[in-house]
Structures are given as C-alpha cells and as structure tokens.
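Visitor: Sharing a structure with you now.
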Amino acid sequence: MEERPSPEASAGNSRAEDDFRSCCGDEEEWEDTEESFTAGVAKGELDEASESFEKLKWLLKAVVTMFNYQQFRHIGAPGWQLGWKWAKKEVIWSMVGAQTTEQGDCSKFKGNTPHCCKKDPTIVDLLPGTTYNMQIVNCCKAGVINTFNQDPANVASSF
Numbered sequence: 092m093e094e095r096p097s098p099e100a101s102a103g104n105s106r107a108e109d110d111f112r113s114c115c116g117d118e119e120e121w122e123d124t125e126e127s128f129t130a131g132v133a134k135g136e137l138d139e140a141s142e143s144f145e146k147l148k149w150l151l152k153a154v155v156t157m158f159n160y161q162q163f164r165h166i167g168a169p170g171w172q173l174g175w176k177w178a179k180k181e182v183i184w185s186m187v188g189a190q191t192t193e194q195g196d197c198s199k200f201k202g203n204t205p206h207c208c209k210k211d212p213t214i215v216d217l218l219p220g221t222t223y224n225m226q227i228v229n230c231c232k233a234g235v236i237n238t239f240n241q242d243p244a245n246v247a248s249s250f
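Residue numbering for the sequence shown follows this note's numbering, beginning at 92 and increasing consecutively.
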C-alpha cells in the first residue's frame with residue numbers, strides 16, 4: 092500500500108494516513124485506537140484564508156468498512172443499517188458510499204448545509220447504479236453483504 096500524507100502530515104505532523112484517532116473526553120484529548128477501518132484526521136484550523144471554516148475546532152475524515160465473516164448467514168434485503176449517538180454537537184458534512192436516513196435540523200448553518208445534523212444518525216448503503224461521484228470501493232450494494240465462505244469477493248461494504 093502506497094503511503095500518502097494525511098491532512099495532519101501536511102500541517103507539519105508525521106502521522107500516517109491509515110492511523111485512526113478518536114476524540115473526546117472531558118479535556119478533548121485525542122486517543123490512538125486500533126480499529127478495523129482506516130481514517131485520516133485533521134485537528135485545528137483548516138485554512139486561515141477560509142473565514143467560514145475558521146470556527147471549526149476539528150474535522151475527522153473516516154472510511155468505514157464492514158465485513159461479514161459469518162459462514163452461511165448473509166446480510167440480505169433490506170440491508171445493513173449503522174447508527175450511533177454523538178457525544179456533543181457533531182454533524183456529518185459530507186458522505187460518499189452511503190447516506191443518512193434523515194437530515195435533521197440544519198437550520199443554524201448558513202451557506203453550506205451539512206449532510207446530516209441529527210444527534211443520532213442512521214447510515215444506510217446506496218443502491219447499485221449510484222453515480223460515480225458518490226461511490227467508493229465496496230459501496231452501493233443496497234446493504235447486502237455476502238458471507239465469507241460463499242462469496243469472499245463480496246464480503247465487505249464501505250462508506
């Protein structure tokens with residue numbers, strides 16, 4: 092795998108792109124974690140010239156990949172759903188390979204509107220035939236994931 096600089100590396104740090112860090116406790120310290128997905132992390136001001144983004148404290152970019160290691164139990168229609176509850180006032184600015192089921196109330200944002208402002212977003216896979224600019228590898232299977240024993244080439248779903 093070719094190593095490319097992460098957003099932090101371009102800002103003067105030397106973290107690898109496939110490093111995942113999770114945030115935040117009471118003091119908003121970053122903790123290194125080992126997860127089964129990869130992510131690049133940028134923390135701090137994004138661009139001093141971009142006034143609309145100066146107010147952001149941090150930005151997390153992640154690629155999530157789910158694997159089905161069951162021997163005979165595939166994930167069939169209506170497909171997988173993944174949800175969580177944000178700790179604070181986080182939003183999802185953009186997403187490829189999947190979508191949220193609801194946008195939530197994003198009325199406090201002027202200009203660019205986030206993809207989802209819900210405190211508890213639910214993510215679902217996109218349908219086959221989705222436009223290329225909305226796809227990533229292993230996406231767009233309508234949430235269907237085959238088993239590792241029966242179809243090892245189609246055992247993952249990503250967004």
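Where is the CB? At the ideal position from N, CA and C, for every residue including glycine.
Fair warning: this is a prediction, and the values are worked out from it, not measured in the lab.
Starting from Thr222 and walking both ways along the beta strand (DSSP E), at which residues does that stretch end?
Guide: Premise fails: Thr222 is in no beta strand (DSSP E) and is neither H nor E.
Visitor: What do you get for Leu218, buried or exposed, if any count of 16 or more other CB atoms within 10 angstroms of its CB means buried?
Guide: exposed
Visitor: With a Cβ-Cβ cutoff of 8 Å, do Pro205 and Trp184 count as a contact?
Guide: yes
Visitor: Pull up the DSSP beta-bridge partners for Thr213, would you.
Guide: Thr213 pairs with Gly174.
Visitor: Just how far apart, CA to CA, sit Trp149 and Val155?
Guide: 19 Å
Visitor: Hey, could you find the ends of the beta strand (DSSP E) Leu151 is sitting in?
Guide: 149-154
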